[in-house]
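Trainee: Supplied in structure tokens, the structure appears directly below.
Numbering (the working numbering), first residue to last: 87 to 412.
As structure tokens, this is what we get:
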């Protein structure tokens, strides 16, 4: 993928578009190279091995994903109702859920605190995640935030004859109240109250939310650094985000070339795509988007799957250390 980056640097975007590259790949690579806001984001390594669903599931359905090393189970939480039984709110899904999770994990590690500042308004918070504020984006963020708040996750680790189980909630406190009036873009500006460590302004939007202790401890032990600019460039593509995070986790740790079959890739990334031939097409499209924001990644596509080659990490170790020391 280095060719597209070299071409953009030497000849510019308009000339690059004359060559046989997918227009989306050129756009993503150009946006990534032009992004001057450097920064590092972090995620728990478990999410780089098994991720959330790409599309919405029935609200009462759990999500289970099995890979060679990890089995992920996400169970939907429930919301109490003024009358009648509680209702399931569904598991988090899609690119918005991933961006919320990245933001929470990154801020917690950078400040070395379970308490994460969300900002004085929805507009401020959305801007930090690279999302243009608007009615639909606010609604989707609010919905995914509730799903993240209420769900329960389990990582069953199985590698090299070792077994482990991590069960946890992601956060201890909700990011939103239950009223639709909290959707206003200008929802900051009220007085603040303390709800067990979470600071909620009187308009209903939390200024601060607290990660669960178990999740925070796992995050501190096993963080994966990724490039903020890369996340912004592919922030609408949930599979591309997953592939990028996976490559950021795997490539720099390889001692030699590693083959990964289409079957194994389908198990990890193909939830919702039943046919393997259809999956290959979708996967390669998203892989190219991920490589467009990871110029140093060395990945070859073959008939049996991928060959991963040792590569420089997307964030240099000294930059990672500086980000964590702030």
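Beta carbons: idealized from backbone N, C-alpha and C, even for Gly.
1. Just curious, the alpha helix (DSSP H) that residue 224 is in, first and last residue?
2. Opposite residue 252 in the DSSP bridges: which residues?
3. As an exercise, report each continuous beta strand (DSSP E) stretch of at least 3 residues that is fully enclosed by the segment 104-138, in chain order.
4. Pair every Cβ in the segment 234-250 with every Cβ in the segment 207-225, then say whether three or more of these pairs are closer than 8 Å.
5. To which residues of the same chain is residue 331 closer than 8 Å at the C-beta, ignoring the five residues directly before and after it?
6. For residue 416, count neighbouring C-beta atoms within 10 Å of its own C-beta (all shown protein chains included) and say buried if the count is 16 or more, exposed if not.
7. How many angstroms separate the CA atom of residue 116 from the CA atom of residue 230?
8. Pick from 387, 316, 200, 358: whose alpha carbon is nearest that of residue 123?
9. By how many angstroms is the C-alpha of residue 170 removed from the C-alpha of residue 347?
10. Jot down the residue ranges of each uninterrupted beta strand (DSSP E) in the segment 152-179, minimum 3 residues, whole runs only, in chain order.
11. Mind checking whether residue 237 and residue 125 have CB atoms under 8 Å apart?
12. Does the beta-carbon distance from residue 226 to residue 257 come in below 8 Å?
13. With a Cβ-Cβ cutoff of 8 Å, do residue 375 and residue 323 count as a contact?
Mentor: The relevant details are as follows:
1. For this step, residue 224 is matched to residue 138 along the chain shown. Per DSSP, residue 224 belongs to the alpha helix (DSSP H) from 221-236.
2. For the purposes of this step, residue 252 is taken as the residue at position 166 of the chain shown. Paired residues: 241.
3. 126-130
4. no
5. The residue labelled residue 331 in the question sits at position 245 within the chain shown. Taken in chain order, the residues that qualify are 129, 133, 134, 137, 310, 312.
6. In this structure the chain extends from 87 to 412, so residue 416 is not present and cannot be described.
7. Walking along the chain shown from the start, residue 116 turns up at place 30. Walking along the chain shown from the start, residue 230 turns up at place 144. Roughly 29 Å between the two C-alpha positions.
8. Within the chain shown, residue 123 is the residue found at index 37, counting from 1. Closest option to residue 123, Cα to Cα, is 316.
9. Numbered from 1 along the chain shown, position 261 holds the residue referred to as residue 347. Numbered from 1 along the chain shown, position 84 holds the residue referred to as residue 170. Between residue 347 and residue 170, the C-alpha separation is close to 49 Å.
10. 156-161
11. If you number the chain shown from 1, residue 237 lands on position 151. If you number the chain shown from 1, residue 125 lands on position 39. No, Cβ-Cβ distance for residue 237 and residue 125 is not below 8 Å.
12. Along the chain shown, read from residue 1 onward, the residue named residue 226 stands at position 140. Along the chain shown, read from residue 1 onward, the residue named residue 257 stands at position 171. Going by C-beta atoms, residue 226 is not nearer than 8 Å to residue 257.
13. Residue 375 sits at position 289 when you count from the first residue of the chain shown. Residue 323 sits at position 237 when you count from the first residue of the chain shown. It is a contact, given that the beta carbons lie within the stated cut-off.
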